[in-house]
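According to the UniProt record's numbering, the stretch in the sequence shown is residues 1 to 274, in order.
For glycine and all other residues, C-beta sits at the position ideal for the given N, C-alpha and C.
Worksheet: one structure, shown below.
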Amino acid sequence: MKNVIKETETQLIENEKRAKIVLEQKIKEKYDELKIIKSQKEFEEEQNAKLEAKTQNLENQLSLYSTCCKTESCQTFGNSTNANIIRIPDSEPMKVSCNDVIAEPGWLVFQRRIDGHEDFNRNWTDYQMGFGNVEEEFFLGLEKLHQITKSESHELYIQLEDYANEKSCAHYDQFEIGGADENYVLKSIGTYSGTAGNSLQENIEQQFSTYDRDNDSDEINCAKLLSGGWWYSNCGFSNLNGKYAKDIFWDEWRGYEYSLKSVIMMIRPKNNHH
1 MKNVIKETET
11 QLIENEKRAK
21 IVLEQKIKEK
31 YDELKIIKSQ
41 KEFEEEQNAK
51 LEAKTQNLEN
61 QLSLYSTCCK
71 TESCQTFGNS
81 TNANIIRIPD
91 SEPMKVSCND
101 VIAEPGWLVF
111 QRRIDGHEDF
121 NRNWTDYQMG
131 FGNVEEEFFL
141 GLEKLHQITK
151 SESHELYIQL
161 EDYANEKSCA
171 HYDQFEIGGA
181 DENYVLKSIG
191 TYSGTAGNSL
201 QENIEQQFST
211 YDRDNDSDEI
221 NCAKLLSGGW
231 WYSNCGFSNL
241 NGKYAKDIFW
251 DEWRGYEYSL
261 KSVIMMIRPK
271 NNHH
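Written out as structure tokens, the structure is:
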């Protein structure tokens, strides 16, 4: 009889243990399920936050583009030195740098040299498409420059600065370059005025050259020699895209052996800027 009682007690203890193990297992499973649900919820919240941020960004871009679709030049922005979005006929919207400080309002900056942190010794494709940061050192791109200057008559303003912080300028009243099929030839610069001298005169009707696309009139590759793309005739007169601190020169101001400290090249439509 005692044995039966003992066996019964043992069986009850075993059953209790098994029940406890089963219960603990079920609790663990529920806990794991809750962890998964929580993790999924956190993931969904994170994805929703990302989606909201993307949506906001798209809305901002659409807002910019809705403005830019009616904005064809920096003149629309008035007294602005900021980066803005414009759209010219038959072209995609583009981010540009406007400047009203150097020479009255309405100028669009298409090239800037400041300190040499941007490498201007680039291939044909880079010069065609553009490179750099429009708020720092950059080149807007030959294709964009072509689209802008063919849409209407533009003037060109170049500001040069030497290492004594003295500045000089060259202004041309009719600036236009050709398209890709003409290797972005410098079609016209118009009449010169300014204090820097007319060092762009020799570059008229010259095609653009880069180290991998030699279109200059010289026997040697001027773009390779001077480490930058330009409308070279021969390797003298001017090069504002050369290697910083070595080959940025304007022959009639400081000479071809003097590399300039800073350069800014700007264009604006000839009409309606007064």
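How about residue i and residue j: are their beta carbons less than 9 Å apart?
i	j	result
L142	F208	yes
N241	Q111	yes
V109	L140	yes
Q201	D216	no
L226	G190	no
G178	H154	no
A196	A170	yes
W124	R254	no
P269	G116	no
M266	Q174	no
T149	E176	yes
Return the CA-CA distance between residue i and residue j, expressed in angstroms with no decimal places.
i	j	result
D251	V101	26 Å
N15	I27	18 Å
Y244	D162	12 Å
I85	N121	27 Å
E29	Q56	40 Å
K6	Y31	37 Å
Y192	S168	13 Å
Y222	E46	The sequence shown places Cys at residue 222, rather than the Tyr named in the question. Each residue's alpha carbon lies about 54 Å from the other.
T54	E44	Position check: residue 54 holds Lys in this sequence, whereas Thr was assumed. Taking the straight line from one Cα to the other gives about 15 Å.
C69	E92	Its pLDDT being 49, under 50, C69 is placed unreliably by the model, and the measurement read from it follows with that caveat. C-alpha separation (whole angstroms): 9 Å.
S238	I114	17 Å
K144	D218	27 Å
residue 300	V263	Absent from the model: residue 300. The displayed extent of the chain is 1 to 274, so no value can be given.
E136	K38	46 Å
E152	Q40	57 Å
E182	K50	46 Å
Y256	D247	8 Å
K224	F138	19 Å
T10	R18	12 Å
E166	A103	16 Å
I36	I21	22 Å
K58	D126	For clarity, residue 58 is Leu in the given sequence; the question names Lys instead. Computed Cα separation, rounded: 27 Å.
A180	N48	45 Å
Y258	E52	53 Å
T210	G228	6 Å
I204	N198	11 Å
T8	E24	24 Å
V96	V134	6 Å
C74	E42	45 Å
I13	E33	30 Å
D172	G194	It is Tyr, not Asp, that sits at residue 172 in the sequence shown. Taking the straight line from one Cα to the other gives about 9 Å.
I220	F249	19 Å
Specify, as a first and last residue, the run of the alpha helix (DSSP H) that residue i falls within.
i	result
W124	W124 to M129
K150	L142 to S151
C222	C222 to L226
Would you kindly report the start and end of the unbroken beta strand (DSSP E) that includes residue i?
i	result
F208	Note, F208: premise wrong, no beta strand (DSSP E); not H, not E.
P269	S262 to P269
I177	K167 to I177
C235	It is not in any beta strand (DSSP E) - C235 carries neither H nor E in the DSSP assignment.
I107	Looking at the sequence itself, residue 107 is Trp, so the reference to Ile does not match. W107 to R113 is the extent of the beta strand (DSSP E) around W107.
E161	H154 to E161
K243	Run containing K243: none; DSSP gives neither H nor E here.
N99	M94 to N99
L200	Here L200 belongs to no beta strand (DSSP E), and DSSP marks it neither H nor E.
S188	L186 to S188
Can you find a heavy atom of the ligand MN that lies under 8 Å from the Cβ of residue i?
i	result
S217	Among the ligands in the structure shown, none appear at all, so the ligand MN cannot be discussed.
Q. Does the pairing of the region 122-130 with the region 231-238 give three or more beta-carbon distances under 8 Å?
A. With the cut-off at 8 Å, the region 122-130 and the region 231-238 do not touch.
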